[in-house]
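Undergrad:
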Amino acid sequence: MKSIYITIATFFLFFQGLAQSGPQPSPTVTYRNPVIAGDFADPSVIRVGDTYYAAGTSSEWAPAYPIYSSKDLVNWAYIGPVFTALPEWTMGSFWAPELYHRNGIFYVYYTARRKSDQRSFIGVATTRDLRKGFSDQGVLLEWTSEAIDAFVLEDQGKRYITWKAYGLDKGKAIELLGAELSPDGLKVTGKAFTLLTAERGNWEAGGAEGQALFKRGRYFYMLYSGNTCCGANCNYQVGFARAEKLQGPWEKYAGNPVLVGDDTWKCPGHGTVVTTPDNRYFYLHHAYNGTDFTFTGRQGVLSELVWDEKTQWPVFRYGTTTPAQAESPTRVGQKTDGNLAVNFEKPGGDLPWVWDVSLPKPVFNVAGGSFKMQNTVATPIGNFLGFVVKKGTYTFSTTVEPQPDVVQSITLYGDAANALGFGVRQGTLELWQVKEGVRQILKSQSLPTTTAAVHLQLKSRFGQLYDFFWSTEGGKPESLMAMPVSGGYLPRWDRAPRIGLSVSGEKPGYGVVRSIGMQYH
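Written as structure tokens, this is what we have:
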């Protein structure tokens, strides 16, 4: 009988424990920055229904302004560019595209340099389907020497544009200005008014740009960026401001700056704020990775805002620096595979190629199991097609068939006057560089005369040091150089190098490529 009582008591305690403990909380799902890897500066993000869309700066790369989509803010898929063909009035400096959506129409308010006077102004384009690209509506706003960094919002049924002004006007402080737009969003109709003026004696260092505005409660809030945005000497930071009316007066937060750089993520700034369906606030902005720095560019990172209801000011949930890891907006985990493996003998989809906007788009096609690119540009580098580098430590490889009169290379491309390449000329391997427009052969080596195909490989360490390997079909890889080669001269002020393929030579010809691969480590 005693044993029966013990058994009953044991069961009672077991079920009592279950009742007291109740449902166990699910483990927190996290993400790691970046959420959009590689060179993706000045990101703009919007939510339409259950889908987020983001566009970013492409600078001197075509096609202009990459667009990504996501269901959860941490897993993003490239869906194409804003412009497949560049707007007729533009020539470069494709910066800070701002997305906006209303009544089934997508708008992009973008900065570009104008051909006629080489000044940067703001244009506008529209579409009903982001995946089909935008139709350009031309220049929207000219303002003294420069108008950049558009941001558009609505107030009491009216649309307004804001922008950075006077950045190139000597003796005048930089200001953030605003003006009313026409009902269709395609013209500036109102008189300009000042939102903020940059201060020289504080963290702003005379700069204010990359503003993002939104309304919560009785206030309009603004996140804006100050100091130096780009390059090895950057010191970008973010501040808050608020106002009860869009036209002001605007009050800067006494605790500015609210987001600064550290060893993990340097020089954060210039983004936009989006809310989730459960009313969480996220700032998608850019920052340089502390390890790869300028060699991978300003990457898309996500920081969450929370609210101090007593003061009615927002604060960044994880402190004053960009979080390395944080709680995800949804219960969906993050996927991070960015590797690439393409065999041109097998049919596949379009690749996200990029090229120099200052040069004609390279002529290429896939036929007969090979990728073929023509040599048509009489420059030291030749024709180049490349990819955004998502992480500085990687291996890029290709298999090419040597051709007469041309050099086919794996190429790191900074701009039309700065590149580093490892290629094959019929019968010869060549390691070469172009620095400030001057081409130099760093090393050449003869190939076996019977070689039908050569496998080339570049191994990158943090995007700064490069090792080169080669092999013939079925052979073992051989190192070309005893020491790695530095590419320290390649990053440009506002953009990172791209890795890809080039074809060059003194005579017309074409390159023949069997495969390409990208493996991140």
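Counted from 1, the sequence shown has number 323 at position 323 by UniProt numbering; the numbering is strictly sequential.
Even glycine gets a Cβ: it sits at the ideal position worked out from N, Cα and C.
1) Below 8 Å between beta carbons: does that hold for Glu199 and Ser225?
2) Measure the C-alpha to C-alpha separation of Thr336 and Tyr78 and round it to an integer number of angstroms.
3) For Pro268, which of Arg280, Arg298, Arg119 has the nearest alpha-carbon?
4) For Pro497, count neighbouring C-beta atoms within 10 Å of its own C-beta (all shown protein chains included) and say buried if the count is 16 or more, exposed if not.
5) According to DSSP, Met222 sits in a beta bridge with which residue or residues?
6) Between Gly500 and Tyr413, how many whole angstroms is the CB-CB distance? I'm expecting something under 8 Å.
7) Could you tell me the boundaries of the beta strand (DSSP E) in which Val80 lies?
8) Given Gly369, which residues of its chain have a CB within under 8 Å of its CB, disregarding the five upstream and five downstream residues?
9) Going straight from the alpha carbon of Ser70 to that of Ser446, what length do you get?
10) Can you grab the Cα-Cα spacing for the pair Leu284 / Thr472, in whole Å?
11) Can you say whether Glu506 is buried or exposed, counting buried as having 16 or more other CB atoms within 10 angstroms of its CB?
12) Is the Cβ-Cβ distance between Ala54 and Val45 less than 8 Å?
13) Go to Thr399, then tell me how far its beta strand (DSSP E) extends in each direction, as first and last residue.
14) Please state the DSSP three-state secondary structure of Arg131.
15) Strictly by DSSP, which residues pair up with Trp89?
16) Answer yes or no: does any C-beta atom of chain D fall closer than 8 Å to that of Trp470?
17) Quick check: the Cα distance between Leu86 and Ser26, rounded to an integer number of angstroms?
18) Of the choices Lys435, Thr294, Ser502, whose alpha-carbon is the least far from that of Asn233?
19) Which class does Thr30 belong to by DSSP, given the choice of helix, strand or coil?
20) Excluding the five sequence neighbours on either side, which residues of its own chain have a C-beta within less than 6 Å of the C-beta of Leu195, listed in chain order?
21) Tell me which residue opens and which closes the beta strand (DSSP E) that Gln299 is part of.
22) Could you give the first and the last residue of the continuous beta strand (DSSP E) run that contains Gln325?
23) Locate the beta strand (DSSP E) running through Phe371, then write down its first and last residues.
24) Under a three-way DSSP split, which group does Gln20 fall into?
25) Tell whether a beta-carbon distance below 8 Å holds between Met373 and Phe387.
26) With C-beta atoms as the reference, is Arg119 less than 8 Å away from Met91?
27) Just to confirm before moving on: does the CB-CB distance between Val274 and Arg47 stay below 8 Å?
28) Look up Pro249 in the DSSP assignment and give the residues it is bridged to.
29) Based on the DSSP output, what are the partners of Leu431 in its beta bridges?
30) Which parts of the stretch 445-520 are runs of the beta strand (DSSP E), unbroken and 3 residues or longer, counting only runs that do not cross its ends?
31) Return yes when the Cβ of Ser479 is within less than 8 Å of the Cβ of Gln464, no when it is not.
32) Pairing CB atoms from the stretch 255-268 with CB atoms from the stretch 317-336, are three or more of them under 8 Å?
33) Can you tell me where the beta strand (DSSP E) holding Gln365 begins and where it ends?
34) Identify whether Phe344 lies in helix, strand or coil by the three-state DSSP scheme.
35) Counting Cβ pairs closer than 8 Å, one from the stretch 236-253 and one from the stretch 210-223, do we hit at least three?
36) If I measure Cβ to Cβ from Gln519 and keep anything under 7 Å in the same chain, skipping five residues before and after, which residues do I get?
TA: Reading from the atomic positions:
1) Judged by their CB atoms, Glu199 and Ser225 are not nearer to each other than the 8 Å cut-off.
2) Each residue's alpha carbon lies about 14 Å from the other.
3) Comparing Cα-Cα distances from Pro268 to each of Arg280, Arg298, Arg119, the minimum goes to Arg298.
4) buried
5) Leu213, Ala241
6) 7 Å
7) Here the sequence assigns Gly to residue 80, which means Val is not the residue at that position. Per DSSP, Gly80 belongs to the beta strand (DSSP E) from 77-83.
8) Phe344, Glu345, Arg514
9) 49 Å
10) Across the structure, Leu284 and Thr472 are spaced so that their CA atoms are roughly 46 Å apart.
11) exposed
12) yes
13) 394-401
14) helix
15) Partner(s): none; Trp89 has no beta bridge.
16) Looking for chain D here will not work: only one protein chain is present.
17) 48 Å
18) Thr294
19) strand
20) Short of 6 Å from the beta carbon of Leu195, and not among the five residues preceding or following it, lie these beta carbons of its own chain, in chain order: Leu176, Gly178, Trp250.
21) 298-308
22) Taken as a continuous stretch (DSSP letters only), the beta strand (DSSP E) holding Gln325 covers 325-327.
23) 370-375
24) Confidence at Gln20 is low in this model, with a pLDDT of 49, below 50, so its placement is unreliable and the value that follows should be read with caution. Looking at Gln20 - three-state DSSP - the assignment turns out to be helix.
25) no
26) no
27) yes
28) Per DSSP, none; premise fails for Pro249.
29) Phe422, Lys443
30) 454-461, 465-472, 498-504, 509-520
31) no
32) Put simply, the stretch 255-268 touches the stretch 317-336. At least three CB pairs are less than 8 Å apart.
33) It is worth fixing the name first, because residue 365 is Asn in this sequence and not Gln. It spans 364-367 - the beta strand (DSSP E) in which Asn365 sits, taken as one unbroken run.
34) coil
35) yes
36) Asn339, Tyr394, Thr395.
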